[in-house]
Amino acid sequence: MNPELLQTFLKIVEYKQISQAADSLYITQAAVSNRLRRLESQLGVTLINRLKGQPTVTLTRYGEKLVPIAEQWMQLVHQTTNLKESANFHNIKVASAPSISESILSIICPLLMKEDPTLRYSLINGNADYIYSCVESGTADIGFTFYKMYRHQINTRKISEEHLMLVTNNLSEYPDMVTVDMLSRHDEIYMPWNDEFDAWHTMCWDSELQPLVVLDAGTLILPYLSFKQAWSLIPESLAHQLLLRDSNLRSLRLVEQPPALPVVAVKRKVPGTEQKELERLEFKIRSELYKIHQQ
Numbered sequence: 003m004n005p006e007l008l009q010t011f012l013k014i015v016e017y018k019q020i021s022q023a024a025d026s027l028y029i030t031q032a033a034v035s036n037r038l039r040r041l042e043s044q045l046g047v048t049l050i051n052r053l054k055g056q057p058t059v060t061l062t063r064y065g066e067k068l069v070p071i072a073e074q075w076m077q078l079v080h081q082t083t084n085l086k087e088s089a090n091f092h093n094i095k096v097a098s099a100p101s102i103s104e105s106i107l108s109i110i111c112p113l114l115m116k117e118d119p120t121l122r123y124s125l126i127n128g129n130a131d132y133i134y135s136c137v138e139s140g141t142a143d144i145g146f147t148f149y150k151m152y153r154h155q156i157n158t159r160k161i162s163e164e165h166l167m168l169v170t171n172n173l174s175e176y177p178d179m180v181t182v183d184m185l186s187r188h189d190e191i192y193m194p195w196n197d198e199f200d201a202w203h204t205m206c207w208d209s210e211l212q213p214l215v216v217l218d219a220g221t222l223i224l225p226y227l228s229f230k231q232a233w234s235l236i237p238e239s240l241a242h243q244l245l246l247r248d249s250n251l252r253s254l255r256l257v258e259q260p261p262a263l264p265v266v267a268v269k270r271k272v273p274g275t276e277q278k279e280l281e282r283l284e285f286k287i288r289s290e291l292y293k294i295h296q297q
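If you read the sequence shown in my numbering, its first letter stands for residue 3, the second for the next number, and so on.
Rendered as structure tokens:
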């Protein structure tokens, strides 16, 4: 069945006028009428009621029956076209923690795409449970998080780690090296990075005290760092980006070092078709974090 004829029929159904159907297809009314007659001839039935003096058209019972069939047919045509186009690309779906996505992946993915123009990424952010669920369900090909969790159909591997850096603004009165006793919990921009970090944090500060603000992503901290004594512990890769972007920020050295955050790659146990590209992505992340650690 000719998709062009079905598309024209569906436009007539949508607008209920030959003239508007023609306008939407950028063809003449005569061309629309010709296509409709050809379709009716192929099917051997009349699809619309032609009544003189009426601006709108109505469907015959054959036309009404054809509508859902034509819609399904056109959907298959679009899916087939998309399949042909997508076959020329490597489509990688990545789920990650926002701080990983907006720091490391924002550097790595464009580099890989320049090396291989057929690469296409879909990046989605979420918490650890969401990331594992996306990979488990196939919504994502790979996930990156600071949490290592157990799921029956999932493999996890620590591919690197992120050191936490203490950042504040240039107006703060902190010396370059500080201890936890010099940092007020009430001035903290707090993010619960993972369980190990939370355990360390509880030993250093009273968890009953209210911080300045609680966030779920390090990329949201900039407005809150404008408070004079505000401070925060964030992944090193993100800290480097923020320090380059905003000259009003500075880093401090914390005597009591927090535990490093493991960067965990999350994949299904049964490898997918893009396994090679996933391994390249993991390798690039390891390499980039190694460079940052050496700075």
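Virtual Cβ for every residue (Gly too), placed ideally from N, Cα, C.
From a predicted model like this one, the values you see are computed outputs, not experimental measurements.
| task | Could you spell out the range, first to last residue, of the alpha helix (DSSP H) harbouring Glu198? | result | Taking the first residue of the sequence shown as 1, we reach residue 198 at position 196. Glu198 -> alpha helix (DSSP H) spans Asp197 to Cys206.
| task | Can you give me the Cβ contacts of Thr58 inside the same chain, cut-off strictly under 7 Å, excluding the 5 residues immediately before and after it? | result | Numbered from its first residue, the sequence shown carries residue 58 at position 56. Lys18 and Gln19, listed in sequence order.
| field | Runs of alpha helix (DSSP H) wholly within the stretch 46-97 (minimum 4 residues, chain order) | value | 63-88, all fully within the stretch 46-97.
| task | Determine the direct distance from the alpha carbon of Val215 to that of Ile287, and round the result to whole angstroms. | result | The residue labelled residue 287 in the question sits at position 285 within the sequence shown. The residue labelled residue 215 in the question sits at position 213 within the sequence shown. Distance between the alpha carbons of Ile287 and Val215 is about 30 Å.
| query | Are Ile133 and Ala142 touching if we call contact CB-CB under 9 Å? | reply | Position 131 of the sequence shown holds residue 133. Position 140 of the sequence shown holds residue 142. Their beta carbons are under 9 Å apart, which means Ile133 touches Ala142 by this criterion.
| message | Please report the distance separating the alpha-carbon of Leu5 from that of Arg37. | response | Taking the sequence shown and counting its residues from 1, the one referred to as residue 5 is at position 3. Taking the sequence shown and counting its residues from 1, the one referred to as residue 37 is at position 35. First, the residue type needs correcting, since residue 5 is Pro and not Leu in the sequence shown. Their backbone Cα atoms lie some 11 Å apart in a straight line.
| query | beta strand (DSSP E) containing Val268: first to last residue? | reply | Here the question's residue 268 lines up with position 266 in the sequence shown. Element bounds for Val268: Leu263 to Arg270.
| Measuring CA to CA, which of Ser101, Val272 and Glu279 is closest to Ser239? | By one-based count along the sequence shown, residue 239 stands at place 237. Cα-wise, what sits closest to Ser239 is Ser101.
| query | Since Pro264 contacts Glu163 with CB under 8 Å, what's their CB separation in whole angstroms? | reply | What you label residue 264 is simply residue 262 of the sequence shown in a count that begins at 1. What you label residue 163 is simply residue 161 of the sequence shown in a count that begins at 1. Contact between Pro264 and Glu163 holds: their C-beta atoms lie close to 5 Å from each other, under 8 Å.
| query | Are the beta-carbon atoms belonging to Leu53 and Tyr64 less than 9 Å from one another? | reply | On the sequence shown, residue 53 is found 51 positions in, with the first residue counted as 1. On the sequence shown, residue 64 is found 62 positions in, with the first residue counted as 1. Taking 9 Å as the Cβ cut-off, Leu53 and Tyr64 do not qualify as a contacting pair.
| Beta-carbon contacts of Met3 that lie in its chain and below 8 Å, excluding the five residues immediately before and after | The sequence position of residue 3 within the sequence shown is 1, counting from 1. Correct list, in chain order: Gln44 and Trp75.
| field | Enclosing beta strand (DSSP E) for Ser253 [first to last residue] | value | As a first step, residue 253 is located in the sequence shown; it is residue number 251 there, counting from the start. Annotation for Ser253: the continuous beta strand (DSSP E) segment containing it runs Leu251 to Leu256.
| request: Compute the beta-carbon to beta-carbon distance between Leu41 and Leu7, rounded to the nearest angstrom, for a pair I have assumed lies under 8 Å. | output: In the sequence shown, residue 41 corresponds to position 39, counting from 1. In the sequence shown, residue 7 corresponds to position 5, counting from 1. So it is a contact: roughly 4 Å between Cβ atoms.
| Under three-state DSSP, which class holds Thr141? | Translated into the one-based positions of the sequence shown, residue 141 becomes position 139. Three-state result, Thr141: coil.
| task | Quick one: measure Cβ to Cβ for Asn196 and Phe148, integer angstroms, because I've assumed they're closer than 8 Å. | result | Taking the first residue of the sequence shown as 1, we reach residue 196 at position 194. Taking the first residue of the sequence shown as 1, we reach residue 148 at position 146. In this structure Asn196 touches Phe148 by the C-beta definition: roughly 5 Å separates them, less than 8 Å.
| request: With Tyr1 as the anchor, note down where its alpha helix (DSSP H) starts and where it stops. | output: The question about residue 1 has no answer here: the residues shown for the chain are numbered 3 through 297.
| message | Please report the distance separating the alpha-carbon of Lys230 from that of Pro194. | response | Walking along the sequence shown from the start, residue 230 turns up at place 228. Walking along the sequence shown from the start, residue 194 turns up at place 192. Straight-line Cα distance between these residues: approximately 22 Å.
| message | Relative to the C-alpha of Asn169, which candidate in Asp248, Ser108 and Pro112 has its C-alpha closest? | response | Along the sequence shown, read from residue 1 onward, the residue named residue 169 stands at position 167. It is worth fixing the name first, because residue 169 is Val in this sequence and not Asn. Comparing Cα-Cα distances from Val169 to each of Asp248, Ser108 and Pro112, the minimum goes to Asp248.
| query | Does the Cβ of Gly55 have 16 or more other Cβ atoms within 10 Å, making it buried, or fewer, making it exposed? | reply | Counting from 1 along the sequence shown, the entry for residue 55 is found at position 53. With fewer than 16 other Cβ atoms within 10 Å, it is exposed.
| Given that a residue counts as buried once 16 or more other Cβ atoms are within 10 Å of its Cβ, and exposed if not, what is Val289? | Working through the sequence shown from its first residue, we reach residue 289 at position 287. The residue you asked about is not Val; residue 289 is Ser in the sequence shown. With fewer than 16 Cβ atoms within 10 Å of its Cβ, Ser289 is classed as exposed.
| Around the C-beta of Ile71, are 16 or more other C-beta atoms found within 10 angstroms, so that it is buried, or is it exposed? | Mapped onto the sequence shown, residue 71 falls at position 69. Ile71 should be labelled exposed.
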